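K.L.:
Before we start, here is the structure in question, set down as structure tokens.
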Amino acid sequence: MKTHDKNKAYWKQNLRYLAILLSIWFLVSFGAGILFKETLDHIQLFGFPLGFWFAQQGAIVVFVLLIFIYVRWMNKLDKEYDFDED
Amino acid sequence: MSVQLWTYTFVGITFALYIGIAIWSRAGSTKEFYVAGSGVSPLANGMATAADWMSAASFISMAGLISFMGYDGAVYLMGWTGGYVLLALLLAPYLRKFGKFTVPDFIGERYYSKSARLVAVFAALLVSFTYVAGQMRGVGVVFSRFLEVDINTGVIIGMLIVLFYAVLGGMKGITYTQVAQYCVLIFAFMVPAIFISFQMTGNVIPQLGMGAKINDGSGLYLLEKLNNLSVELGFAEYTKGSKSTIDIFAITAALMVGTAGLPHVIVRFFTVKKVRDARKSAGLALLLIAILYTAAPAVAVFARTNLINTVSNQPYANMPEWFTNWEKTGLLGFEDKNGDGIIQYTANAQINELTVDRDIMVLANPEIANLPAWVIALVAAGGLAAALSTAAGLLLVISSSISHDVIKSVINPSITEKQELIAARLSAVVAVVIAGYFGINPPGFVAAVVALAFGLAAASIFPAIVLGIFYKKMNKEGAVSGMVVGLLLMLFYMLKFKFGIFDGGKSAVAGLQSDWWFDISPEGFGSIAMLVNFAVAYIVCRFTAPPPDKVKEIVENIRIPSGTGDAQQAH
Chain L
2 MKTHDKNKAY WKQNLRYLAI LLSIWFLVSF GAGILFKETL DHIQLFGFPL
52 GFWFAQQGAI VVFVLLIFIY VRWMNKLDKE YDFDED
Chain R
248 MSVQLWTYTF VGITFALYIG IAIWSRAGST KEFYVAGSGV SPLANGMATA
298 ADWMSAASFI SMAGLISFMG YDGAVYLMGW TGGYVLLALL LAPYLRKFGK
348 FTVPDFIGER YYSKSARLVA VFAALLVSFT YVAGQMRGVG VVFSRFLEVD
398 INTGVIIGML IVLFYAVLGG MKGITYTQVA QYCVLIFAFM VPAIFISFQM
448 TGNVIPQLGM GAKINDGSGL YLLEKLNNLS VELGFAEYTK GSKSTIDIFA
498 ITAALMVGTA GLPHVIVRFF TVKKVRDARK SAGLALLLIA ILYTAAPAVA
548 VFARTNLINT VSNQPYANMP EWFTNWEKTG LLGFEDKNGD GIIQYTANAQ
598 INELTVDRDI MVLANPEIAN LPAWVIALVA AGGLAAALST AAGLLLVISS
648 SISHDVIKSV INPSITEKQE LIAARLSAVV AVVIAGYFGI NPPGFVAAVV
698 ALAFGLAAAS IFPAIVLGIF YKKMNKEGAV SGMVVGLLLM LFYMLKFKFG
748 IFDGGKSAVA GLQSDWWFDI SPEGFGSIAM LVNFAVAYIV CRFTAPPPDK
798 VKEIVENIRI PSGTGDAQQA H
């Protein structure tokens with residue numbers, strides 16, 4: 002593959018990953034924590050109404066996971082395209 | 248030992264530690280002063296970023312605000328952490344690859360223009376000053392209560408400490424003090440939270456205690472109990488909140504985007520070696536932040552329940568010592584309106600007799616729960632660690648913006664490295680003095696002021712950087728007009744609706760709420776200003792000349808991680 006095409010393909014895959022991760026990011030915070038909060042509140046998780054839990058704790062836990070998944074995917078992608086810096 | 252003696256001990260030990268680290272790691276070159284020589288490990292950078300970013304607002308104010316806002320407090324929790332995801336995915340790796348010293352560096356080069364750089368400098372300064380004033384205020388609150396000095400004296404002591412290690416150590420000194428400050432602040436936040444969680448629910452993990460049953464024999468979940476108490480006193484149910492959905496949405500979005508646009512946080516990613524490290528340290532930073540951010544809503548619930556149980560409908564004469572201590576600072580007030588000697592606490596402003604400043608909840612919480620003296624003192628040291636670490640990070644942005652982006656890049660490019668270093672240190676001194684002034688004459692609650700800084704960052708810096716990375720065709724005309732319009736719009740809205748400048752001053756602010764555009768508060772308006780910035784940038788860009796090929800090459804280059812240059816190379 003030529004460098005130019007290779008760079009393009011790498012960038013495309015990067016954008017695909019971002020789209021997936023940011024959709025989840027939006028769903029757990031703006032979705033579960035705000036827009037659908039009232040509906041989810043009918044479900045009880047221990048002492049928490051579920052929507053309230055997402056807004057105050059759940060979304061944050063998912064955020065942390067999202068970044069670590071991103072790190073993993075990107076490290077793998079860098080290897081595949083030989084963009085590894087080591 | 249008394250609380251005061253413990254406090255002097257803890258504060259003394261931690262201050263000595265910070266100063267020791269600053270002397271050990273003082274900066275010798277501009278590269279060390281601006282980006283710690285780009286040799287910080289991902290874990291150390293993660294801890295430093297966490298301390299840098301968790302401010303007096305996170306430590307002192309946030310749980311207190313949440314305890315009075317209930318569900319609505321989620322705007323801070325989701326907003327401030329959610330922005331981290333944007334930062335990690337959209338900005339940090341690319342800016343590290345770009346490899347310069349400051350945010351205006353990137354904007355100036357990417358948009359091949361000195362005016363773009365200057366607009367970015369202006370935005371960075373505005374955001375940082377607004378933010379740092381909040382930190383100084385936090386320092387003042389802690390000193391006035393625990394060391395029983397006047398708030399203003401407290402601010403001045405805080406100024407001197409920050410001045411000492413920011414001026415001496417630059418980014419290098421700040422990074423390693425922040426690592427120590429992270430340890431202090433997380434320990435100081437979690438110890439009382441664990442104590443109180445165990446006391447109230449029997450669960451030692453506060454995050455879980457929040458959803459557990461309260462052990463007062465009622466068999467109710469803690470949150471149910473608090474909902475009942477709130478309704479009895481005429482407040483909204485704790486888990487429901489009272490802001491409109493659109494405002495919650497807008498504030499959360501503004502805080503998220505603002506977090507990602509904060510120059511003092513972005514610049515931390517210039518300090519690691521590789522793009523890979525930048526990604527990893529963003530993850531570690533959020534993990535370390537999440538420990539406090541998932542515990543804060545629990546602390547809010549504990550504090551609110553305890554407060555109501557301790558003071559509501561109790562005789563004033565029976566109030567414990569902490570009550571009178573806080574009364575002395577003027578941050579807690581009791582006015583016996585009906586003269587019965589009993590504290591009536593209700594949502595009805597006419598008969599309510601208790602006023603509580605939100606900023607005292609976290610600090611007073613261990614006392615309200617009757618925890619041992621050393622735990623109370625620990626919280627004071629933690630609050631100071633949080634405020635000082637953030638203030639130092641901000642001062643560095645301010646001083647590097649002036650010495651590097653204004654003096655070195657625009658006014659006099661021929662100054663030597665030594666002179667630039669002197670300029671950097673002098674600007675830090677001036678910045679501390681200005682910040683101290685705002686700390687003594689603060690514009691409002693710590694967290695509310697900080698929230699406005701986020702609005703300004705969202706309206707200006709974030710769109711310019713994102714477009715610079717993800718939209719190759721964006722040109723200087725588009726980016727500059729976007730930033731200028733976004734910033735002015737945000738400033739206008741803030742001055743109009745937060746400070747009442749155009750309608751007769753502060754007293755008019757409450758009456759203006761019905762005029763809010765789209766029902767969105769000044770805190771949430773940053774998200775609208777950001778959209779306007781994007782739209783203006785795009786439209787202007789369509790009708791003006793495309794960027795030169797050289798700039799397109801820069802963009803293609805930062806998208807690929809390999810071959811990370813040294814931060815110094817370009818100079």
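These protein sequence lines are chains L and R, in that order. Residue numbers for the first sequence follow the numbering used here, so the first one is 2 and each next one is one higher. Residue numbers for the second sequence follow the numbering used here, so the first one is 248 and each next one is one higher. Glycine residues also receive a C-beta, built at the ideal position from the N, C-alpha and C atoms. Since this is a predicted model, take the numbers as computed values, not measurements.
Kindly list, in the order they appear in chain R, the residues whose Cβ is closer than 7 angstroms to that of L:Leu19.
P.N.:
Residues of chain R passing the Cβ test: Leu336.
K.L.:
Taking the alpha helix (DSSP H) that R:Val603 falls in, what are its first and last residues?
P.N.:
That residue, R:Val603, is in no alpha helix (DSSP H); its beta strand (DSSP E) goes Leu601 to Val603.
K.L.:
Just the Cα atoms here: how many angstroms apart are R:Ala550 and R:Arg343?
P.N.:
About 41 angstroms.
K.L.:
Can you grab the Cα-Cα spacing for the pair R:Val332 / R:Ala435, in whole Å?
P.N.:
Roughly 26 angstroms between the two C-alpha positions.
K.L.:
State the Cα-Cα distance for the pair R:Asp524 and L:Leu78, rounded to the nearest angstrom.
P.N.:
Cα to Cα, the separation comes out at about 15 angstroms.
K.L.:
Would L:Gly34 pass as an interface residue toward chain R - the criterion being a Cβ-Cβ separation below 8 angstroms?
P.N.:
So, interface residue.
K.L.:
Interface residues of chain L around R:Arg526 at Cβ under 9 angstroms?
P.N.:
Simply Ile68, Tyr71, Val72, Met75 and Asn76.
K.L.:
For R:Lys472, count the other beta carbons within 10 Å of its own beta carbon; 16 or more makes it buried, fewer makes it exposed. Which is it?
P.N.:
By the 10 Å Cβ count, R:Lys472 comes out buried.
K.L.:
Starting from the N-terminal side, write out each stretch of the alpha helix (DSSP H) that is 4 residues or longer and does not extend beyond the segment 670–725 of chain R.
P.N.:
Whole alpha helix (DSSP H) segments, 4+ residues: 693–717.
K.L.:
Using the Cα positions of R:Ala274 and R:Pro510, report the straight-line distance between them to the nearest angstrom.
P.N.:
Their Cα atoms are separated by approximately 21 angstroms.
K.L.:
Compare the C-beta of L:Gln14 with all C-beta atoms of chain R and state if any pair is closer than 8 angstroms.
P.N.:
It does not; no Cβ of chain R falls within 8 angstroms.
K.L.:
Measuring CB atoms only, is the segment 672–687 of chain R touching the segment 635–654 of chain R, in the sense that at least three cross pairs come out at less than 8 angstroms?
P.N.:
Enough Cβ pairs lie closer than 8 angstroms, so yes.
K.L.:
Pick from R:Ile615, R:Thr506 and R:Val522: whose alpha carbon is nearest that of R:Thr557?
P.N.:
Nearest C-alpha to R:Thr557: R:Ile615.
K.L.:
Between which two residues does the beta strand (DSSP E) holding R:Leu759 run?
P.N.:
Here R:Leu759 belongs to no beta strand (DSSP E), and DSSP marks it neither H nor E.
K.L.:
Quick one, which of R:Leu578, R:Glu582 and R:Val548 has its alpha-carbon nearest R:Tyr563's?
P.N.:
When only C-alpha atoms are compared, the closest one is R:Glu582.
K.L.:
Step through the CB atoms of chain L and report whether any lies within less than 8 angstroms of the CB of R:Asp702.
P.N.:
Checking the sequence, you will find Gly at residue 702 of chain R rather than Asp. Taking Cβ atoms only, chain L never reaches closer than 8 angstroms to R:Gly702, which makes this a no.
K.L.:
Helix, strand or coil for L:Ile61? Go by DSSP, reduced to three states.
P.N.:
Note: L:Ile61 maps to helix in three-state DSSP.
K.L.:
I want to verify the contact list: residues of chain L whose CB lies under 7 angstroms from the CB of R:Tyr318, in sequence order.
P.N.:
By Cβ distance, chain L contributes Phe53 and Ala56.
K.L.:
Are the segment 585–594 of chain R and the segment 478–485 of chain R touching, with three or more C-beta to C-beta distances below 8 angstroms?
P.N.:
Flag = yes, the segment 585–594 of chain R and the segment 478–485 of chain R touch.
K.L.:
Under 8 angstroms Cβ to Cβ from R:Pro453, same chain only, skipping five residues before and after it: list those, please.
P.N.:
Around R:Pro453: Met437, Ala440, Ile441, Ile443, Ser444, Ala542, Ala545, Val546 and Phe549.
K.L.:
When burial is assigned at 16 or more other CB atoms within 10 Å of the CB, is R:Glu279 buried or exposed?
P.N.:
Label assigned to R:Glu279: buried.
K.L.:
For L:Ala149 and L:Leu22, I'd like the C-alpha separation in whole angstroms.
P.N.:
In this structure chain L extends from 2 to 87, so residue 149 of chain L is not present and cannot be described.
K.L.:
Near R:Tyr429, which residues of its chain fall below 6 angstroms by C-beta distance, leaving aside the five closest residues on each side in sequence?
P.N.:
Hits under 6 angstroms: Met294, Ala297 and Ala298.
K.L.:
In this structure, how does DSSP classify R:Ala339 when only helix, strand and coil are distinguished?
P.N.:
Residue state, collapsed to three classes: helix.
K.L.:
Compute the Euclidean distance between the alpha carbons of L:Gln58 and R:Gly320, then round it to the nearest angstrom.
P.N.:
If you take the alpha carbons of L:Gln58 and R:Gly320, they lie about 11 angstroms apart.
K.L.:
Taking 8 angstroms as the threshold (C-beta atoms), are L:Leu67 and L:Ile25 in contact?
P.N.:
Yes. Within cutoff.
K.L.:
Given this structure, state the Cα-to-Cα distance separating R:Ile805 from R:Val522, to the nearest angstrom.
P.N.:
Looking at the two C-alpha atoms, the distance is approximately 10 angstroms.
K.L.:
With a threshold of 8 angstroms between beta-carbons, can L:Asp79 be considered close to chain R, or not?
P.N.:
Chain R, which has a Cβ nearer than 8 angstroms to the Cβ of L:Asp79, makes this yes.
K.L.:
From which residue to which residue does the alpha helix (DSSP H) around L:Phe27 run?
P.N.:
Thr4 to Phe27 is the extent of the alpha helix (DSSP H) around L:Phe27.
K.L.:
Once you ignore the five residues that flank R:Val633 on each side, which residues in its own chain have a CB closer than 8 angstroms to its CB?
P.N.:
Per the sequence shown, residue 633 of chain R should be read as Ala rather than Val. Correct list, in chain order: Ala298, Met301, Ser302, Ala303, Ser305, Phe306, Ile307, Gly385, Gln428 and Leu432.
K.L.:
Helix, strand or coil for L:Phe37 per DSSP?
P.N.:
Correct three-state label for L:Phe37: coil.
K.L.:
If you follow the beta strand (DSSP E) that L:Phe53 is in, where does it begin and where does it stop?
P.N.:
Unbroken run through L:Phe53 is the alpha helix (DSSP H), Leu51 to Trp54; no beta strand (DSSP E).
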